[in-house]
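Top to bottom, those sequences are chains A and B. For the first sequence, my numbering begins at 1 and goes up steadily by one. For the second sequence, my numbering begins at 1 and goes up steadily by one. Each residue gets a CB set at the ideal place from its N, CA and C atoms; glycine is no exception. Scroll down for the structure; my scribbles are underneath it.
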Amino acid sequence: MTDTVAEIQSDDIADISDYKTNSLWRLTFRRLFRQRSAQVGLVVLSILFFVAIFAPIVAPYDPTEVLIGKEDVKKRQPPCIHLLGCPEDQPQHIMGIDGNVRDMFSRIVYGTRVSLQIGIMIVVFAAGIGTVLGAIAGYAGGATDNIIMRFLDVVLSFPSLLLAIAIVFVMDDRSLFNAMLAVAIVSIPAYARVVRSSVISLREADYVEASRALGASNFEILTRRILPNALPPLIILATLGIATAILDTAALSFLGLGAQEPTPEWGTMLGRERNQLFSAPHLVFLPGIAISITVLAFNLLGDGLRDALDPRLVQAGKGDE
Amino acid sequence: MLQYTIRRVLLAIPVLFVVVLVTFVISRSIPGDPCHSILGEKATEEQCDRFLENYGLNEPIYVQFGIFLQHLMRGDLGDSIRFSRPVSIMLVERLPMTIELGVSAMFIAVLVGLPLGIISATRRNSFADVGTMIGANLGVSIPVFFLGLMLIWLFAVFLKDTPLALPPSGRLSPGITTVPFYEVYNLDPGEQLSLRFHVFEFIANLYLVNSFITGQWETFLDAGKHLILPAVALATIPLSIIARMTRSSMLEVLGQDYVRTARAKGLSQNKVVMKHAFRNALLPVVTIVGLQMGSILGGAVLTETIFGLAGVGRSVVDSIFSRDFPVLQGFVIVIAFMYIFFNLVVDLSYSFLDPRVKLD
Numbered sequence: 001m002t003d004t005v006a007e008i009q010s011d012d013i014a015d016i017s018d019y020k021t022n023s024l025w026r027l028t029f030r031r032l033f034r035q036r037s038a039q040v041g042l043v044v045l046s047i048l049f050f051v052a053i054f055a056p057i058v059a060p061y062d063p064t065e066v067l068i069g070k071e072d073v074k075k076r077q078p079p080c081i082h083l084l085g086c087p088e089d090q091p092q093h094i095m096g097i098d099g100n101v102r103d104m105f106s107r108i109v110y111g112t113r114v115s116l117q118i119g120i121m122i123v124v125f126a127a128g129i130g131t132v133l134g135a136i137a138g139y140a141g142g143a144t145d146n147i148i149m150r151f152l153d154v155v156l157s158f159p160s161l162l163l164a165i166a167i168v169f170v171m172d173d174r175s176l177f178n179a180m181l182a183v184a185i186v187s188i189p190a191y192a193r194v195v196r197s198s199v200i201s202l203r204e205a206d207y208v209e210a211s212r213a214l215g216a217s218n219f220e221i222l223t224r225r226i227l228p229n230a231l232p233p234l235i236i237l238a239t240l241g242i243a244t245a246i247l248d249t250a251a252l253s254f255l256g257l258g259a260q261e262p263t264p265e266w267g268t269m270l271g272r273e274r275n276q277l278f279s280a281p282h283l284v285f286l287p288g289i290a291i292s293i294t295v296l297a298f299n300l301l302g303d304g305l306r307d308a309l310d311p312r313l314v315q316a317g318k319g320d321e
Numbered sequence: 001m002l003q004y005t006i007r008r009v010l011l012a013i014p015v016l017f018v019v020v021l022v023t024f025v026i027s028r029s030i031p032g033d034p035c036h037s038i039l040g041e042k043a044t045e046e047q048c049d050r051f052l053e054n055y056g057l058n059e060p061i062y063v064q065f066g067i068f069l070q071h072l073m074r075g076d077l078g079d080s081i082r083f084s085r086p087v088s089i090m091l092v093e094r095l096p097m098t099i100e101l102g103v104s105a106m107f108i109a110v111l112v113g114l115p116l117g118i119i120s121a122t123r124r125n126s127f128a129d130v131g132t133m134i135g136a137n138l139g140v141s142i143p144v145f146f147l148g149l150m151l152i153w154l155f156a157v158f159l160k161d162t163p164l165a166l167p168p169s170g171r172l173s174p175g176i177t178t179v180p181f182y183e184v185y186n187l188d189p190g191e192q193l194s195l196r197f198h199v200f201e202f203i204a205n206l207y208l209v210n211s212f213i214t215g216q217w218e219t220f221l222d223a224g225k226h227l228i229l230p231a232v233a234l235a236t237i238p239l240s241i242i243a244r245m246t247r248s249s250m251l252e253v254l255g256q257d258y259v260r261t262a263r264a265k266g267l268s269q270n271k272v273v274m275k276h277a278f279r280n281a282l283l284p285v286v287t288i289v290g291l292q293m294g295s296i297l298g299g300a301v302l303t304e305t306i307f308g309l310a311g312v313g314r315s316v317v318d319s320i321f322s323r324d325f326p327v328l329q330g331f332v333i334v335i336a337f338m339y340i341f342f343n344l345v346v347d348l349s350y351s352f353l354d355p356r357v358k359l360d
């Protein structure tokens, strides 16, 4: 018996908690898939990812290809769909032609790629830095915590869009990358706060004490014990954060501060054609609808995750909607 | 309570100072100098030197900051480089627009969002509930600028010659004028840059308020009509968030024991909901309302751009484009101060709403 006790090492304990983590994820996914909102979100997202990945196949034209000499099409021409009655001799453009005589449908399709990349990269960056800051602040406490939190408060004192605009200008180069960086910087405080509050409530846990007693370093405790349990709210925030990131970057692009021509970004498309609302509404509606659908899908997924991961609903068995 | 208030106000001061510092640093960090932005590409060295000296932009940066702080203490926000007008006057002209827009939007958001949230919670899984939740999800997913454009299209193009038509831009229709209240009532507005003048001008530029107190009903209606579309566009996101938050907060409260007790005592559903559940569900909602102010100020930038309204949001963006530092600094600082102040009020209201909240 004494041999068995002496042989228990931290590796074994890690195995046990790994097992628990697995079953939590499995439970979560099962509950997640049962929710209608998450189902819809996931379906839409799969379509979007498919379109983004297979854009060259889905899109009939190159998104930056100007069709002036190649086809007999007019600037800002409304959609021409053969199935719906457009004469066969005219080239088919499902969503019409944009202000620079390019196929709108192809631009929307490639825009999916751009937007998904934008959302994911911004969130990875902001969540990464935010987690580090929040974990340090929450675990260390005291002065470190205070300083980090005050710093984040200053960022939060400014309306996020205005601060993002200012950051883009400070970087002096209007590009998609700078817009993404600005939006990411402005998003960091939210992630930091969430991680910090999770860490604060988790650091008093018994298993943390146990690890400390076993001689684990602070870094080990944080990364192997606390942070994995702080993941659920972070994941929810990240999913919803992709939606916000896409919206904010589209807003900056709309104002002319984000993606520049000829990058097919939905916000830029909206911004450029916004005065054509009366004469060529399809150029305004289509990118807008695209943004809305994408953001909606991520929001639905995030909501589904939130409901699936909510511990209170777990107990009452009300997680299935 | 008073002690807590004083403490919070004192704690806010370093944050305010850092905000001022950061604003100053950011506005000076924007590359490109105002001389060439304002005077044009061909401005000569001498002209630029004189220009910079005029505005004190030749001094070392810490001296400039010191001067800036000094003036700030006196309430002097400097002069716009681009328009050669005092920033405070520009502020007084444009801030009312944004405030009218923001307040109307918040009003709509709360007035529609709260009841929707309550109804959703009390009639769970009903058509109203599902409909509201779908609507709320759509509300936060549709970009403000797109929603604004769609509303314009709907009400100014599609419904153009119907009685439902709404104007797509500006604050007043051509031909409608607004007479400041101090002219109507023969009050002396005071000297050009006095505090009294600023206050009077501020109120006079709140078109709805001004026309209401002077009885200019045509102006009042017109200004109101022009405000509907932008306010609705701006209100959509906060509305959706408030509805969702109210719903989940109410659901949580309705599951509590004291609600069961109230029902067991035989109280009508109405009384249970409004007297007991609602007040206690309000706390997280108030937090959200406070947080939404920031989003409204940011959304105001886009709304003002689309609807052609000369408000603070658009002025800030314009001043960034034209490197007009004084305007940028002054406006941003005022916005940030307002936001911090508003959050402070929200914080203080917690103890009012929930006596259990101990202020420490």
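Per-residue DSSP class, three states only, for residue i
i, result
"C80 of chain A", "strand"
"I188 of chain A", "helix"
"D206 of chain A", "helix"
"P89 of chain A", "According to the sequence displayed, residue 89 of chain A carries Asp and not Pro. D89 of chain A: coil per DSSP, three-state reduction."
"G304 of chain A", "helix"
"N343 of chain B", "helix"
"M171 of chain A", "coil"
"E46 of chain B", "helix"
"E363 of chain B", "Lying before the first or after the last residue shown, residue 363 of chain B is absent from chain B, which here runs from 1 to 360."
"L234 of chain B", "helix"
"Q256 of chain B", "coil"
"D360 of chain B", "Interpretation of D360 of chain B is limited by its pLDDT of 46, a score under 50 that renders its predicted location unreliable; the figure taken from the coordinates is listed afterwards. Coil, per DSSP."
"P31 of chain B", "coil"
"F278 of chain A", "coil"
"V73 of chain A", "coil"
Any chain A beta carbon closer than 8 Å to residue i
i, result
"A109 of chain B", "no"
"I320 of chain B", "yes"
"G135 of chain B", "no"
"S141 of chain B", "yes"
"D360 of chain B", "Note that D360 of chain B has pLDDT 46, beneath the 50 cutoff, so the model's placement of it is unreliable and no number is given."
"F145 of chain B", "yes"
"I335 of chain B", "yes"
"W153 of chain B", "yes"
"S29 of chain B", "yes"
"G113 of chain B", "no"
"L77 of chain B", "no"
"S22 of chain B", "Reading the sequence as shown, one finds Val at residue 22 of chain B and not Ser. With 8 Å as the cut-off, V22 of chain B counts as an interface residue toward chain A."
"Y258 of chain B", "no"
Cβ shell of residue i (< 8 Å), same chain only, five flanking positions each side left out
i, result
"L114 of chain B", "I242, A243, T246 and V285"
"T144 of chain A", "I136 and A137"
"L234 of chain A", "A127, T131, Y191, V194, V195 and S198"
"S344 of chain B", "The residue you asked about is not Ser; residue 344 of chain B is Leu in the sequence shown. Answer for L344 of chain B: R8, V9 and A12, listed in chain order."
"I61 of chain B", "R28"
Contact with chain B by residue i, beta-carbon distance below 8 Å
i, result
"R274 of chain A", "yes"
"I188 of chain A", "no"
"F177 of chain A", "no"
"F125 of chain A", "no"
"D72 of chain A", "no"
"G288 of chain A", "yes"
"P281 of chain A", "yes"
"N299 of chain A", "yes"
6 Å Cβ shell around residue i - same chain, five flanking residues per side excluded
i, result
"I119 of chain B", "A128"
"V186 of chain A", "S160, L163 and A164"
"N280 of chain B", "V253"
"P168 of chain B", "I152 and A156"
Residue(s) in a DSSP beta bridge with residue i
i, result
"P86 of chain B", "B:D79"
"D103 of chain A", "A:I97"
Contact set for residue i: own chain, Cβ-Cβ below 7 Å, skip 5 residues either direction
i, result
"S253 of chain A", "A179, A259, E265, G267, T268 and G271"
"I242 of chain A", "G119, I120, V123 and F298"
"C35 of chain B", "A43, C48, F51 and L52"
"P281 of chain A", "none"
"L32 of chain A", "A38, G304, L305 and A308"
Residue i at chain D interface by Cβ criterion, 8 Å
i, result
"I242 of chain B", "Considering every chain present, this structure includes no chain D. Its protein chains are A and B."
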